[in-house]
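Respectively, the protein sequence lines represent chains A and B. Numbered per our numbering, the first sequence spans residues 1 to 134. Numbered per our numbering, the second sequence spans residues 135 to 268.
Protein chains: 2
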Amino acid sequence: MNNIEFATAIHILTLLKIIGGHLPSSYIAGSININAVMVRRSLSLLRKHGFIETREGNGGGAALAKPASQVLLSDVYRAVNDAALLGKLNKPNPDCKVGKQINNHLAELYKQADNALVNKLSTITLADFCKKFK
Amino acid sequence: MNNIEFATAIHILTLLKIIGGHLPSSYIAGSININAVMVRRSLSLLRKHGFIETREGNGGGAALAKPASQVLLSDVYRAVNDAALLGKLNKPNPDCKVGKQINNHLAELYKQADNALVNKLSTITLADFCKKFK
DNA sequence: CCGTACTGTAACAAAAAATGATACAGTATA
DNA sequence: TATACTGTATCATTTTTTGTTACAGTACGG
Numbered sequence: 001m002n003n004i005e006f007a008t009a010i011h012i013l014t015l016l017k018i019i020g021g022h023l024p025s026s027y028i029a030g031s032i033n034i035n036a037v038m039v040r041r042s043l044s045l046l047r048k049h050g051f052i053e054t055r056e057g058n059g060g061g062a063a064l065a066k067p068a069s070q071v072l073l074s075d076v077y078r079a080v081n082d083a084a085l086l087g088k089l090n091k092p093n094p095d096c097k098v099g100k101q102i103n104n105h106l107a108e109l110y111k112q113a114d115n116a117l118v119n120k121l122s123t124i125t126l127a128d129f130c131k132k133f134k
Numbered sequence: 135m136n137n138i139e140f141a142t143a144i145h146i147l148t149l150l151k152i153i154g155g156h157l158p159s160s161y162i163a164g165s166i167n168i169n170a171v172m173v174r175r176s177l178s179l180l181r182k183h184g185f186i187e188t189r190e191g192n193g194g195g196a197a198l199a200k201p202a203s204q205v206l207l208s209d210v211y212r213a214v215n216d217a218a219l220l221g222k223l224n225k226p227n228p229d230c231k232v233g234k235q236i237n238n239h240l241a242e243l244y245k246q247a248d249n250a251l252v253n254k255l256s257t258i259t260l261a262d263f264c265k266k267f268k
């Protein structure tokens, strides 16, 4: 995984909520201060997961596909992190007693830790998050 | 942060508990299947945080500095992740209403999420983790 | 129905981060 | 004193991330 994706996704969704309307990727890129193609890559992911809808052509851009109050931050996290956050594993020596078993045990541990994090994020909606902006 | 560090650190500590004694970095490297210098870099970190003690010279190596039952996985996580897991931020445009504020709000969010994860890990000791190995 | 302003995505380049390799001084043991 | 380690620096390599360019496709507005 790549955890700046989460920051980028939240930034995009926050913009769509606060600025409103259909925003072009170039506008979004200017706010985040990253490349417009990177934005379109994020948008593509967010669209696949149903958070936004996009319009091609003149006057097009991205907009929220559902009310911010119905977007859980945990859903965004899940969409963006294909693997769990604490997800990397080594490729240990299978001839070692510990090496042979550890990836299974670590994977289980990661799942528990990830669940705890997701549970916390599931208590916060995009609308909650956006309320912080003055 | 770099989340394979956590897997590596847990692997090392597990080995020290299960195999016992003073293990040289070359032995540990063989189990994890990574470079011995990488192992020594991890060992250095673990030593600084008081999890292990190391001995130089012939017959030297690393050993646990305290009972596995007194090592919380949350402490290992904290030691290894200087920043929070969900820690990366963009460098948004300060001339944008959202860009100007978002990093503060994200940092707060990250802290909450990280706390949830750490709380979960604090319920598991190294001894608990090692019990899973047969 | 044409100019304009977008998306979507591929292909490649550049930059950054992680990992590995080599080297070597220092240290403890037998 | 030979041997087997640590600790750490430096440099090389690999992998991952980010940016750039390009361009076909789409839709709106005059």
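Here a beta-carbon is modelled for each residue, glycine too, at the ideal position from N, C-alpha and C.
- For the region 25-58 of chain A, the set of residues with a beta-carbon nearer than 8 Å to any beta-carbon of chain B comprises Gly30, Ser31, Ile32, Asn33 and Ile34, in chain order.
- Bounds of the alpha helix (DSSP H) holding alanine 143/B are 138-152.
- Judged by DSSP secondary structure, alanine 199/B falls outside any alpha helix (DSSP H); it is assigned neither H nor E.
- By the rule that beta-carbons nearer than 7 Å mark a contact, lysine 265/B does not touch chain A.
- Of the residues Gly61/A, Ile19/A and Lys48/A, the one whose Cα lies closest to the Cα of alanine 36/A is Gly61/A.
- Between valine 118/A and glutamate 5/A, the gap from beta carbon to beta carbon reaches 7 Å or more.
- For leucine 72/A, the pairing in a beta bridge is given by DSSP as Thr125/A.
- Taking the Cβ atoms as the reference, proline 228/B lies roughly 5 Å from lysine 234/B, within the contact range of under 8 Å.
- With a contact defined as Cβ atoms closer than 8 Å, isoleucine 18/A and valine 173/B miss out at about 48 Å.
- Residue contact check for asparagine 215/B against chain A: no CB pair falls below 7 Å.
- When Cβ-Cβ separations below 7 Å define contact, threonine 123/A makes no contact with chain B.
- For the region 5-20 of chain A, the set of positions with a beta-carbon nearer than 8 Å to some beta-carbon of chain B reads Phe6, Ala7, Thr8, Ile10, His11, Thr14, Leu15, Ile18 and Ile19 in chain order.
- Here the region 238-250 of chain B lies against the region 119-126 of chain A, with 3 or more beta-carbon pairs under 8 Å apart.
- Not one beta carbon of chain A lies nearer than 7 Å to the beta carbon of histidine 156/B.
- Residues of chain B whose Cβ lies closer than 7 Å to the Cβ of alanine 113/A are, in chain order, Leu251, Lys254 and Leu255.
- Here DSSP, grouped into helix, strand and coil, assigns glutamate 190/B to coil.
- Around the beta carbon of proline 201/B, a 10 Å sphere encloses fewer than 16 other beta carbons of the protein chains shown; the residue is thus reported as exposed.
- Under the criterion of beta carbons closer than 8 Å, leucine 72/A and threonine 125/A qualify as touching, at roughly 6 Å.
- Residues of chain B whose Cβ lies closer than 8 Å to the Cβ of glycine 87/A are, in chain order, Asn137.
- In terms of Cβ geometry, alanine 127/A and serine 69/A form a close pair [threshold 7 Å].
- Serine 44/A counts as exposed, since fewer than 16 other C-beta atoms from the protein chains shown sit within 10 angstroms of its C-beta.
- For leucine 180/B, the enclosing alpha helix (DSSP H) covers residues 170-182.
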